[in-house]
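Residue numbers (this note's numbering): 21 to 169.
Built from N, CA and C at the ideal position, the CB exists for glycine as well.
Given below as structure tokens:
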């Protein structure tokens, strides 16, 4: 009986450890808490131009298949989106306000997404560079620069 329990415990432990490795390996350095430091317009005729956010407290937190966009200045509601990473591309969809009391309603105003640097409700972003402490992603319209905390 002890041998059976020991074998069962070992199999469960190995399965648990391998499932964690498989799930976390595809995102690499992307996981974590990122401070949005700037939004650069890729077109000179864009009204917002280049915006320095280094003194603002805007953060993106990546974990598994979710990203939380949060404003610690509390000027805007936090947003949660699903995301997938395929190679050097990030795909975002299903944005919701993080408001449990209201049932986490879906985001319907594009202006709310614009505040966090997203110019679409379901953007595709290209990862230009990703290191342990810096991230640069872009769309056809904007480039976002982050510093990892």
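Contact set for residue 91: own chain, Cβ-Cβ below 6 Å, skip 5 residues either direction: Stepping through the chain shown from its first residue, residue 91 is reached at position 71. The answer, listed in chain order, is 78.
Cβ neighbours of residue 153 in the same chain (closer than 6 Å, five flanking residues each side left out): The residue given as residue 153 occupies position 133 in the chain shown. Only 168 meet the Cβ criterion.
Helix, strand or coil, according to DSSP, for residue 116 in the structure here?
On the chain shown, residue 116 is found 96 positions in, with the first residue counted as 1. In the three-state reduction of the DSSP assignment, residue 116 falls in the strand class, which pools E and B.
Task: Secondary structure of residue 141, DSSP reduced to three states - done: Walking along the chain shown from the start, residue 141 turns up at place 121. Correct three-state label for residue 141: coil.
Given this structure, state the Cα-to-Cα distance separating residue 101 from residue 71, to the nearest angstrom.
Here the question's residue 101 lines up with position 81 in the chain shown. Here the question's residue 71 lines up with position 51 in the chain shown. Taking the straight line from one Cα to the other gives about 23 Å.
field: Backbone secondary structure at residue 21 - three-state DSSP
entry: As a first step, residue 21 is located in the chain shown; it is residue number 1 there, counting from the start. Reduced to three states, the DSSP call for residue 21 is coil.
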